[in-house]
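Chain order of the listed sequences is A and B. Remember, this note's numbering sits 382 above the position in the first sequence when you count from 1. Remember, this note's numbering sits 382 above the position in the second sequence when you count from 1. For each residue, glycine too, the CB sits at the ideal point set by N, CA and C.
Number of protein chains: 2
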Amino acid sequence: MNVNGKHYRTIWLNEKDTVQIIDQRWLPHEFVIEDLNTVEDVAVAIKDMHVRGAGLIGATAGWGMYVAAKQAKSVEELEKMGDYLKQQRPTAINLEWAIDRQLNEIKKSNIEDRVNVARNVAKQIEDEDAEYCRMIGVHGYKIIEDISKRKNSTVNILTHCNAGWLAFVDYGSATAPIYEAYNRGIDVHVWVDETRPRNQGARLTAWELNMHGVKHTVIADNVGGHLMQNGLVDMVIVGTDRTTYTGYVANKIGTYLKALAAKANNVPFYVALPSSTFDWELENGYDIPIEQRSGEEVKYIQGLLNGKIEKVLLTPEQSNAVNYAFDVTPPELVTGLITERGICEAKKESILKLYPEKLV
Amino acid sequence: MNVNGKHYRTIWLNEKDTVQIIDQRWLPHEFVIEDLNTVEDVAVAIKDMHVRGAGLIGATAGWGMYVAAKQAKSVEELEKMGDYLKQQRPTAINLEWAIDRQLNEIKKSNIEDRVNVARNVAKQIEDEDAEYCRMIGVHGYKIIEDISKRKNSTVNILTHCNAGWLAFVDYGSATAPIYEAYNRGIDVHVWVDETRPRNQGARLTAWELNMHGVKHTVIADNVGGHLMQNGLVDMVIVGTDRTTYTGYVANKIGTYLKALAAKANNVPFYVALPSSTFDWELENGYDIPIEQRSGEEVKYIQGLLNGKIEKVLLTPEQSNAVNYAFDVTPPELVTGLITERGICEAKKESILKLYPEKLV
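1. Tell me the start and end of each unbroken beta strand (DSSP E) in the stretch 603-672 of chain B that is at least 3 residues and wholly inside, in chain order.
2. Counting only beta-carbon atoms, is S701 (chain B) nearer than 8 Å to chain A?
3. On the CB-based measure, 16 or more other CB atoms within 10 Å of its CB, does V742 (chain B) come out buried or exposed?
4. Per DSSP, which one or two residues make a beta bridge with C726 (chain A)?
5. Do you know how far the Cα of D417 (chain A) is from the Cα of I393 (chain A)?
6. Pick helix, strand or coil for K748 (chain B), following the three-state DSSP scheme.
7. Just to make sure I have the definition right: I need the residues of chain A whose C-beta is within less than 9 Å of the C-beta of L686 (chain B). Which are they?
8. With a cut-off of 8 Å, does the C-beta of L395 (chain A) fall near any C-beta of chain B?
9. Chain B partners of G607 (chain A), CB-CB under 8 Å?
10. Is the stretch 518-528 of chain B close to the stretch 554-565 of chain B, with three or more CB pairs under 8 Å?
11. Determine which residues share a DSSP beta bridge with A703 (chain B) and list them.
12. Of all the options B:M463, B:L409, B:Q506, B:N386, which has the alpha carbon lying nearest to the alpha carbon of N581 (chain B)?
13. Any beta carbon of chain A sitting closer than 8 Å to that of N498 (chain B)?
14. Along the chain, where does the alpha helix (DSSP H) containing D423 (chain A) start, and where does it finish?
15. Would you give the residue range spanned by the alpha helix (DSSP H) that L591 (chain A) belongs to?
16. Assuming the contact rule is C-beta atoms closer than 8 Å, E678 (chain A) and G685 (chain A) should be a hit. Round their C-beta distance to whole Å, please.
17. Going along the chain, which residues of the stretch 537-567 of chain A sit with their C-beta nearer than 8 Å to a C-beta in chain B?
18. Would you verify that the beta carbon of W589 (chain A) is, or is not, closer than 8 Å to some beta carbon of chain B?
19. Name the chain A residues that come within less than 7 Å of Y706 (chain B), Cβ to Cβ?
20. Could you tell me whether any Cβ in chain B is nearer than 8 Å to the Cβ of I683 (chain A)?
21. Are the C-beta atoms of I601 (chain B) and some chain A residue less than 8 Å apart?
22. So, at 6 Å on beta carbons, what are the nonlocal neighbours of A441 (chain B) in its own chain, with the 5 sequence-adjacent residues on each side left out?
23. I want to verify the contact list: residues of chain B whose CB lies under 7 Å from the CB of N592 (chain A), in sequence order.
24. When Cβ atoms are compared, which residues of the stretch 567-583 of chain A fall closer than 8 Å to chain B?
25. Let me know the secondary structure DSSP gives Q674 (chain B) once reduced to three states.
26. Please determine, among A:M463, A:V497, A:L540, the residue with the shortest C-alpha to C-alpha distance to A643 (chain A).
27. Hey, does A441 (chain A) have any beta-carbon neighbour from chain B nearer than 8 Å?
28. Among B:A584, B:S456, B:R407, B:D482, whose alpha-carbon lies nearest the alpha-carbon of A443 (chain B)?
29. Give the residues of chain D in contact with A646 (chain A), contact being defined as C-beta atoms less than 7 Å apart.
30. Over the uninterrupted alpha helix (DSSP H) stretch that includes Y737 (chain A), give me the two end residues.
31. Roughly how many whole angstroms lie between the Cα atoms of A436 (chain A) and G607 (chain A)?
32. Within the same chain, show all residues whose beta-carbon is closer than 6 Å to that of M617 (chain A), passing over the 5 residues directly before and after it, in chain order.
33. Taking the alpha helix (DSSP H) that W479 (chain B) belongs to, which residues open and close that run?
34. Measuring only the C-alpha atoms, how far is D423 (chain B) from Q674 (chain B)?
35. Specify the secondary structure class of K690 (chain B) as computed by DSSP and reduced to three states.
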């Protein structure tokens with residue numbers, strides 16, 4: 383998508399053969415590009431959230447394995463580096479998925495070709511991610527169009543966290559239908575949950591929408607229920623970090639609360655995801671590992687002060703804080719899943735109808 | 383309650399006949415005492431939230447009318463000052479209630495006695511608030527004791543916003559049962575919702591509990607649903623800014639989301655309130671006026687940086703933000719109301735059984 387009129391993806395290989403990313407920690411206040419030269423750089427970028435979001439974690443892992451292929455002297459070493467990268471974020475399924483895909487392709491080919499193979503596979507993962515998100519938009523905008531026709535006024539869409547193009551390579555998952563609708567001239571307005579503690583909504587989704595010109599309003603995470611009670615939300619679209627083939631949706635902490643409110647107020651609640659985010663093995667969504675991050679991310683918050691990015695303390699210094707990063711929304715609260723192949727229910731049978739090759 | 387070992391109320395008349403408050407805007411980082419010398423001082427203290435919380439707004443309005451009685455030359459002037467104070471916060475019923483109580487008493491007596499009458503009524507309101515909160519603790523701790531006996535381990539209580547002693551004159555409403563249980567040696571731990579956008583949980587509830595020595599953990603507002611899904615919350619206790627005699631609970635924005643999660647996970651959800659917080663006239667809770675505050679309170683947040691209290695910008699400067707301050711939780715999500723007269727259901731019949739004098 384565009385940044386001040388210039389097209390960017392969130393990750394790319396530049397003409398000097400260097401993997402580059404947008405270091406998202408400084409958005410919306412500074413636009414910083416970072417080089418990833420070593421596997422350690424890649425691990426830090428994933429763990430400390432220079433990059434984040436299901437698809438982009440996958441794409442970064444893909445390019446990370448290209449960096450690894452240049453460093454490693456054997457397949458064993460490469461596998462160790464893959465394991466090391468996998469440990470950086472436990473909830474996002476795309477991380478495992480991209481690394482395993484790389485290792486499989488590399489093992490299938492000649493060991494001397496590993497760098498070329500890894501480069502091609504990384505580029506494939508990158509391009510596929512962008513294309514799948516584009517297709518999510520093509521399928522999903524129709525839901526928005528229907529509401530727009532029925533309502534004949536602005537369609538108000540609530541989203542949580544950032545499942546925008548910054549969370550993928552391009553377009554985003556939850557935002558893809560929104561961008562597609564906007565580009566087709568449908569009148570949309572987005573309620574942006576700020577998404578504490580890391581404020582991915584207030585920092586990233588608001589920045590994206592602002593850059594693209596989409597009307598939006600930032601709200602505290604506490605507000606969505608009140609808006610839904612008062613008819614101010616026409617639909618919810620969120621992304622997911624892992625969705626089981628049985629329809630359980632792991633997404634940014636707080637998603638579950640919005641899903642409960644949507645159900646209670648008859649607001650459609652959609653989850654947008656490319657197939658790389660499905661977990662085809664876990665049956666019980668409550669078995670998804672939930673990452674716990676440092677409580678310091680709750681106690682301190684980052685913002686702009688006199689042109690500088692600073693961190694301020696919010697709580698008494700002595701108070702303890704905990705920081706669960708994700709929660710699980712059960713299938714009965716989900717109206718539908720928007721994938722690159724179309725829209726289905728959050729049910730095994732319906733999901734497998736779209737992905738029959740997974741039926742084994 | 384105690385601040386560094388010295389007992390304080392949140393508002394008092396000092397020996398020089400000056401009304402003083404704790405200016406809560408600087409907590410937990412600085413403990414500031416402010417003089418309220420004019421009706422304008424009182425209005426600003428209420429509107430800009432130097433004081434906040436149902437009971438304390440009432441007590442400040444009570445003492446505000448004492449300040450007004452010293453300034454005003456006629457009952458008409460006093461009524462105008464009362465109307466002016468009432469406009470400062472639309473949702474809190476205690477504001478109206480305290481001002482009307484003062485005006486009624488002053489009108490019943492000799493106009494020359496207005497200052498004496500207003501001083502006595504203000505002190506009555508102050509003392510009554512403290513005593514009612516104490517009684518809420520006496521009735522409410524039994525619920526905690528029951529859970530403690532059944533569970534035989536730490537009782538985990540989630541609370542939203544600050545309905546602590548800082549929101550009243552002393553003890554608090556939601557915190558009164560917690561302090562009472564703690565003082566009786568029951569093992570309690572409090573999940574403190576930080577309560578965006580003004581962070582009354584992270585700033586005030588955490589500070590209070592820390593000062594009193596009660597175990598607590600600060601969490602983002604997004605976390606409560608996940609905790610309840612995982613059996614980590616034994617009960618919820620919140621306060622309220624206005625509860626209708628039919629059992630609708632207006633409280634800090636986000637309360638409704640926690641009530642939905644509590645219902646979905648069979649967690650008892652209690653609302654603690656003194657009788658001054660009941661609205662005996664409104665039948666439909668959705669008719670309660672919901673205050674909208676400045677979006678700047680969402681876009682900027684205050685915290686401590688290098689020993690100074692600073693405000694940092696969280697969003698893109700261009701992004702819009704809205705700030706609904708309260709929401710309404712319907713009776714069917716409320717397990718019980720804890721009042722100074724005992725515990726009842728959030729139903730007209732049950733409430734009126736405790737307050738039969740309101741049956742007209």
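Let me lay it out:
1. 617-620, 624-626, 631-634, 651-654
2. Along the second sequence, read from residue 1 onward, the residue named residue 701 (chain B) stands at position 319. Interface residue, yes.
3. For the purposes of this step, residue 742 (chain B) is identified with residue 360 of the second sequence, where counting begins at 1. V742 (chain B) should be labelled exposed.
4. The count along the first sequence starts at 1 and reaches residue 726 (chain A) at position 344. Answer is A:L719.
5. Taking the first residue of the first sequence as 1, we reach residue 393 (chain A) at position 11. Taking the first residue of the first sequence as 1, we reach residue 417 (chain A) at position 35. Looking at the two C-alpha atoms, the distance is approximately 10 Å.
6. What the structure shows of chain B is the stretch from 383 to 742, and residue 748 (chain B) is not part of that stretch, so it cannot be assessed.
7. Residue numbering aside, residue 686 (chain B) sits at position 304 when the second sequence is read from its first letter. Neighbours of L686 (chain B) on chain A, chain order: V694, L695, L696, E699.
8. Translated into the one-based positions of the first sequence, residue 395 (chain A) becomes position 13. Taking Cβ atoms only, chain B never reaches closer than 8 Å to L395 (chain A), which makes this a no.
9. In the first sequence, residue 607 (chain A) corresponds to position 225, counting from 1. Those are G636, Y638, L639, L642, D709, listed as they occur along chain B.
10. yes
11. Looking up residue 703 (chain B) in the second sequence gives position 321. According to DSSP, A703 (chain B) bridges with A:V600.
12. If you number the second sequence from 1, residue 581 (chain B) lands on position 199. If we check each option's Cα against that of N581 (chain B), B:L409 comes out closest.
13. For this step, residue 498 (chain B) is matched to residue 116 along the second sequence. Taking Cβ atoms only, chain A never reaches closer than 8 Å to N498 (chain B), which makes this a no.
14. On the first sequence, residue 423 (chain A) is found 41 positions in, with the first residue counted as 1. From DSSP, the alpha helix (DSSP H) with D423 (chain A) extends over 421-429.
15. The sequence position of residue 591 (chain A) within the first sequence is 209, counting from 1. Note, L591 (chain A): alpha helix (DSSP H), 588-594.
16. To locate residue 678 (chain A), count along the first sequence from 1; it is residue 296. To locate residue 685 (chain A), count along the first sequence from 1; it is residue 303. Not quite, the Cβ-Cβ distance comes to about 16 Å (not below 8 Å), so this is no contact.
17. none
18. Translated into the one-based positions of the first sequence, residue 589 (chain A) becomes position 207. At least one chain B Cβ lies under 8 Å of W589 (chain A).
19. What you label residue 706 (chain B) is simply residue 324 of the second sequence in a count that begins at 1. V605, H608, listed in chain order.
20. Position 301 of the first sequence, counted from the start, is the residue given in the question as residue 683 (chain A). Judged by the 8 Å Cβ criterion, I683 (chain A) is in contact with chain B.
21. Reading the second sequence from its first residue, position 219 is the one you call residue 601 (chain B). It does: the Cβ of I601 (chain B) has a partner Cβ on chain A nearer than 8 Å.
22. As a position in the second sequence, residue 441 (chain B) is number 59, starting the count at 1. Result list for A441 (chain B): I393, I507, E508, D511, V551, in chain order.
23. As a working mapping, residue 592 (chain A) is identified with position 210 in the first sequence. Those are P698, Q700, S701, listed as they occur along chain B.
24. V574, E576, T577, R578, P579, N581
25. Translated into positions along the second sequence, residue 674 (chain B) becomes position 292. The answer is strand: DSSP assigns Q674 (chain B) an E or B state.
26. Taking the first sequence and counting its residues from 1, the one referred to as residue 643 (chain A) is at position 261. Cα-wise, what sits closest to A643 (chain A) is A:L540.
27. On the first sequence, position 59 is the one that residue 441 (chain A) refers to. False, the Cβ-Cβ gap to chain B never drops below 8 Å.
28. Here the question's residue 443 (chain B) lines up with position 61 in the second sequence. Minimum Cα distance to A443 (chain B) is reached at B:D482.
29. Structure shown: chain D not included; protein chains present are A and B.
30. One-based indexing of the first sequence puts residue 737 (chain A) at position 355. From DSSP, Y737 (chain A) is part of no alpha helix (DSSP H); its letter is neither H nor E.
31. Reading the first sequence from its first residue, position 54 is the one you call residue 436 (chain A). Reading the first sequence from its first residue, position 225 is the one you call residue 607 (chain A). Each residue's alpha carbon lies about 26 Å from the other.
32. Within the first sequence, the letter at position 235 stands for residue 617 (chain A). Contacts found: I539, P650.
33. Position 97 of the second sequence, counted from the start, is the residue given in the question as residue 479 (chain B). W479 (chain B) -> alpha helix (DSSP H) spans 475-490.
34. Counting from one through the second sequence, the residue named residue 423 (chain B) turns up at place 41. Counting from one through the second sequence, the residue named residue 674 (chain B) turns up at place 292. Roughly 22 Å between the two C-alpha positions.
35. As a working mapping, residue 690 (chain B) is identified with position 308 in the second sequence. Strand at K690 (chain B).
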